[in-house]
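For the record, the sequence lines run as chains A, B and C. Using numbering that gives the first Met the number 0, read the first sequence as starting at 0 and increasing by one per residue. Using numbering that gives the first Met the number 0, read the second sequence as starting at 0 and increasing by one per residue. Using numbering that gives the first Met the number 0, read the third sequence as starting at 0 and increasing by one per residue.
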Amino acid sequence: MVRSHSTAAAEGQPPALELRGIDKRFGTVHANRDISFAVAAGTIHGLIGENGAGKSTLMNIVYGFHRADAGELRVHGRVVEINSPQDAIAAGIGMVHQHFMLVENFTVLENIVLGAEGGRRLAGGLAAARTGLERLARDYGLGVSMDTIVSELPVGLQQRVEILKALHRGADILILDEPTAVLTPQEADQLFKMLGRLREQGKTVILVTHKLREIMAVTDRVTVMRLGAVVDEVATPTTSPRELAEKMVGRAVLLRVEKTPARPGATLLTVRNLEVRDRLDVPRVHGVSFSLQAGEIVGIAGVSGNGQSELLEALAGIRPPSQGEIVLGGRDLVREGLDARARRHLGLAHVPEDRLRMGVVPSFSAQANAILGYHDQAVYQRGLMMNRAAILHGCEQKMAAYDVRPPDPRLRIASFSGGNQQKLVLAREIDSDARVLLIGQPTRGVDIGAIEFIHKKLVALRDAGKALLLVSVELDEILGLADRILVMNAGEIVGEVAAADATEEKLGLMMAGVKGEGRV
Amino acid sequence: METYTLIVLLLAATIRVATPLLLAALAGLFSERSGVIALGLEGMMLGAAFASAAVAAISGSAWLGLGAGMATAMALALLLAFACVTHRGNQVIAGMAVNIMVSGLGPALALAWFDLGGQTPQLEGVGQRFLALHWPWAEAARATPFPGLLYAELLSGHNFVVYLAAALVPISAWVLYRTRFGLRLRAVGENPQAVDTAGISVTRLRYQAVLISGALAGIAGTYLSTAASSGFVRDMTAGKGYLALAAMIFGKWKPYPTLGACLLFAFTDALATRLQGVALPVVGVIPVQLILALPYVLTVLLLAGFVGTAVAPKAIGVPYSKEKW
Amino acid sequence: MSSPAKLPRWAEVGLLPAINLIAALLLSGAIIKLIGESPWAAFKLMASGSFGSQESIGYTLYYATNFIFTGLAVAVAYHAGLFNIGADGQAYIGGLGVGLVCLGLGAWPFWAVLPLAILAGAVFGAAWAFIPAWLQARRGSHIVITTIMFNFIASALMTWLLVNVLIKPGQQSPESREFAPNAVMPGLHTLLGKVGISFTSTPLNFAFLIALAAALLVWVLIWRTRWGYAIRVAGLNPTAAIYAGIRPFRITIGAMLLSGALAGLLGLNELMGAQHRILLDFPEGAGFVGIAVALMGRNHPLGIFFAAVLFGALMQGGSQLSFDMPRVNRDMVVVIQGLVILFCGAMENVFRVPLAALFARIGDRNEQP
């Protein structure tokens, strides 16, 4: 990809955007600590960090959604007071959010003019906007049919509408928050080309991401954040993915988990030709077949949004597949139409990807959460009532075995840290004596100490002869834990790699759909 | 000829019954399109019915009554917005609370101020009520059944509020689909985050919508006590606020279909009144209650998707908060 | 339906409802003042009118019985994440069931009539709740709207039945004939008399004890059985419910059937206990008061009991009050009910947020050295 270093950036022109000493707390969480950096005009500036590093908070401050507790913002050298998105728009800042801010039953044109209608009556404003947008679309290669209803557009085009929306409001600085999370590799490529064109036209782009490949591919400079603070800022050509990754994570990345080679046993779970469709009847998982053996961890790698979540939920009995077979213990779970409860009885446990949304009831106590999904087991019953002593005791045991702190079963689960919540969820699913474990994002939002604990537990389970299916967006985690790796792209399994042969580059290429993504 | 006259009179009655329903349904439409459930229509109407009758009785002016009715309903709307928009309270509960409170407050204040057992004085004086406006030559035209009678009964002979309600349908449609405000209003009921990120205040928009809703419900309530009848009596809305809500749902949250639903519901009401105790050929006496329950049954069937589909504004009933995403 | 700002438990179940109630009463006082009476005197009269004598206590608890049934009905649905506004209609139809048993089996002994009346009330009420529940669970029809519609449909149906079918021949007002003495709930004063306690004759009857039993049963069901566990999971986190293999369809249907059944029992008190016949609009809005009762009682049977007694006292105190202050009558009680619903249900964040902030600040201070 073309990279332009010859912009006005160096020539003593003030930076397009400058942050000085931005500080923000949410209650006890220190989300942004004294953040300062500058973004040169006419460049693509990367902002990289792990999930939870404070990137989104920072950008929401820039866009006026949150107010900083301290610090100041300068746009083209001028101090600006940004208290609302309106102020940000007035200052020439546009933002494309991770979740699109579109009104789905409006046309593209209506969405773009919303908030910039140009008069009380619509007709005039719409006509004027249409002309202006046609020019914008030509200049930047952002063609979209103006009269299509947004919900009928593919995600890539919806993102384009968001970009047009920002440009139509006269944005000079464009912030994109994790823009590729929902895109196919092809769409991502198109997006990057578009960003290049924006830079050529003198626009400034801030790309917020946790993906190294993207930073390396399109940015001019990159700011690295960790735990709410800026840890480094470098010119992209002078750095490497490995260096950036170490800075993001703050330790040597290749923290391989200690483990012996796997000794796979009998096949426990077989998936054949599975297809899962979403509500709009779009296939999210297509033609997926694989098997899972006792004593192995199979990892599923892929850019998030490529069907991993849907696959996991279909296996767990949460989403009904539209076709295919899931065979566990000689029974076809799909044909029998077994729900999550019935599958648990057959020895299938599930640690869900999104803990708070699915894995726990936040306002319940720890002990009530420790039986979620297992509440109808005989151990927890005493006649018609639930056996409260057994529930309490069971939770105490789990908390001791998994080092959940504080070890108080009566405390609301919401008041535990993410790591401790996750340990309790793991304890619940693992203690169930299941043979097959579906594990989604086991260390998402979990502190480093707990990550190591969880990883060791998973390997121990494998060694005890369980079959584990691991879905994670953290490539390191897949590389560290899995014995075999399946790569998913656009709802299909595009390849399988033995752990020994897997490298980040190799997987990255496959995740991108193999068809020759530019090399890093 | 007898049947023809009957039908014309039935249609004229339909228009009179439809008027408060239509006004309240449009009120609900503005509120719900902005994402705020309009369960307080009944209370806002009843409050306006009391206030307008009270002020008209004291001042002798129906117009002052209308002003008081609208002001009262808008004050209640403000209370709803304060609870539901500012403090993110439960919209269903807030609406119910206002309905219950007003159903007691009207008679209580009427008793305290007029000492007539919870009613307002009869509006008998000149100018205290909105009376029927007779169009030119209407009386003369009545003699010729067609089109004279139609002209006299359907076009002429209604009070000001009826014509206002009719005019408000195209006006509402224009505001909703042809103005900046309408675009934003429709957007905020579907995706308030999109509106917020576009630099528009969600709170302000919803307040505006709920206040418009109050103003329209105020006119509807005023019609009940100072046009359709002569004074306020206990529970005089008799569920019309809920029926209007049903009509709005039946009209799929759109002005013209809502008009259609109101006319349909009003027609069943007018028909029920006519058919009371009348034996029809073949079917015999149709129970009035059956006909009166028809709008509710139809609405349930619609909501169940058995007669078409009704898609509510997506963000309805959900208080907006920035932190949630 | 979740509460954003967290409070200590005692503040959640005690302090906050108290503050909300006081706010509602203050505003009610202002309205009484506006009417030209003394709020302080009015509240004092109300208190003595509702608790001052055996008779007033009897009436208060008699009214409270209705509200316990409807309050429990609203609460059970609420735990499943459903807002049942149709308790009024379910009580109306449930009362029809109770009434039909009492009318038809008047010759049977009381101890045979009673279980059948309970069963009929519960089944009729549950049946009326079933249709909105099914429509919600299968067709996604908003249960708030459908239950409102079903209130009106119930009302039309009952009017028709009373005017055309059940009316006592040769009578003008649409009422059924009176129940036979065997089909009448014994007054509590009679029962107390049998164990040697003398109590004034009031409409308070055996149904009060049935209501208390129902409250206990609901508590056991919701907090002590796996079904209750499943209901609460489904109500608090529907996604987690599906994850746990709890079927939303069954929960919706089951919770609404129980809810309708509880509302349907109102007829035991109102018809079998007090009116001794079926008459027009006998629930008198108890279904809506049930919403207030459930809200104030934090959807817990014990809280519902106290809230129901409070609302019973308002009803009774209000009707006593109108003897001394003719301008402050039942209507005023309705106003107070509305204000309590407003403050406890819709505007609780008004006090919750500052209160939570206050507790947070106190907490911070305590943690600092």
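Don't be surprised by glycine CBs; every beta carbon is placed ideally from N, CA and C. Since we're looking at a predicted model, the values are computed, not measured.
| Asked | Found |
| --- | --- |
| As assigned by DSSP and simplified to three states, the class of Ile221/C | helix |
| Cβ of Leu345/A within 8 Å of any chain F Cβ | Note that chain F does not occur in the displayed structure, where the protein chains are A, B and C. |
| Secondary structure of Leu437/A, DSSP reduced to three states | strand |
| Pick from Pro13/A, Arg19/A, Ile43/A, Ala399/A that is closest to Ser35/A, judged by C-alpha positions | Arg19/A |
| Leu480/A versus Ala244/A - alpha carbon distance | 19 Å |
| Inter-stretch contact at 8 Å, needing at least 3 Cβ pairs: the region 261 to 278 of chain C / the region 80 to 97 of chain C | yes |
| Rounded straight-line distance, which links the Cα of Gly301/A to that of Arg356/A | 22 Å |
| Asp446/A: CB within 7 Å of a non-hydrogen atom of the ligand COA | Annotation note on the ligand COA: not contained in the displayed structure, which lists no ligands. |
| Environment of Phe145/B [buried if 16+ CB atoms lie within 10 Å] | exposed |
| 7 Å CB neighbourhood of Gly490/A in its chain, flanking five on each side removed | Pro282, Arg283, Val284, His285, Asn305, Gly306 |
| Residues in the region 88 to 114 of chain A having any Cβ partner in chain B nearer than 9 Å | Ile88, Ala89, Met94, His96, His98, Phe99, Met100, Leu101, Val102, Glu103, Asn104, Phe105, Glu109, Asn110, Val112, Leu113, Gly114 |
| Min CB distance Gln380/A to chain C below 8 Å | yes |
| Spatially closest choice to Val343/C from Glu174/C, Val332/C, Met295/C, by CA coordinates | Position check: residue 343/C holds Cys in this sequence, whereas Val was assumed. Looking at the Cα atoms, Met295/C is the closest of the given residues. |
| Backbone secondary structure at Gln97/A - three-state DSSP | coil |
| Residues that Pro282/A bridges to, as DSSP identifies them | Arg276/A |
| Where Gln85/A falls: helix, strand or coil (DSSP) | helix |
| Residue of Ala39/A, Ala449/A, Leu474/A minimising C-alpha distance to Gln12/A | Ala39/A |
| Val101/B to Thr298/B span [Cα, whole Å] | 26 Å |
| Proximity to Glu177/A [Cα-Cα], best of Met58/A, Ala115/A, Val160/A, Arg340/A | Met58/A |
| Touch test, the region 239 to 257 of chain C against the region 76 to 92 of chain C, Cβ-Cβ under 8 Å, three pairs minimum | yes |
| Proximal residues, the region 164 to 189 of chain A versus chain B, C-beta separation under 7 Å | none |
| Glu213/A - containing beta strand (DSSP E), residue span | Taken as a continuous stretch (DSSP letters only), Glu213/A belongs to no beta strand (DSSP E), being part of the alpha helix (DSSP H) at 211 to 217. |
| For Asn298/C, three-class secondary structure by DSSP | coil |
| Residue range of the beta strand (DSSP E) that includes Gln322/A | 322 to 327 |
| Cβ distance (whole Å) where Thr202/B is taken to contact Val84/B below 8 Å | 6 Å |
| Residues of the region 71 to 90 of chain B whose Cβ lies closer than 9 Å to any Cβ of chain C, in chain order | Leu78, Leu79, Phe81, Ala82, Cys83, Thr85, His86, Arg87, Gly88, Asn89, Gln90 |
| Leu132/A to Phe81/B span [Cα, whole Å] | 39 Å |
| Three-way DSSP call (helix, strand, coil) for Ser431/A in this model | coil |
| At least 3 beta-carbon pairs within less than 8 Å: the region 448 to 468 of chain A vs the region 361 to 377 of chain A | no |
| Per-residue contacts from Gly344/C into chain B (C-beta, under 7 Å) | Asn89, Ile92, Ala96 |
| Residue interval of the alpha helix (DSSP H) (run including Gly217/B) | 201 to 222 |
| Proximal residues of chain C, C-beta to C-beta of Gly238/B below 8 Å | Phe151 |
| Beta carbon proximity, Ile285/B to chain C, threshold 8 Å | no |
| CB contact below 8 Å: Ala126/A versus chain B | no |
| Selected residue, minimal CA-CA separation from Thr266/A, among Val204/A, Val493/A, Leu468/A | Leu468/A |
| Minimum C-alpha distance to Leu457/A - residue among Gln158/A, Glu17/A, Ala388/A, Val256/A | Val256/A |
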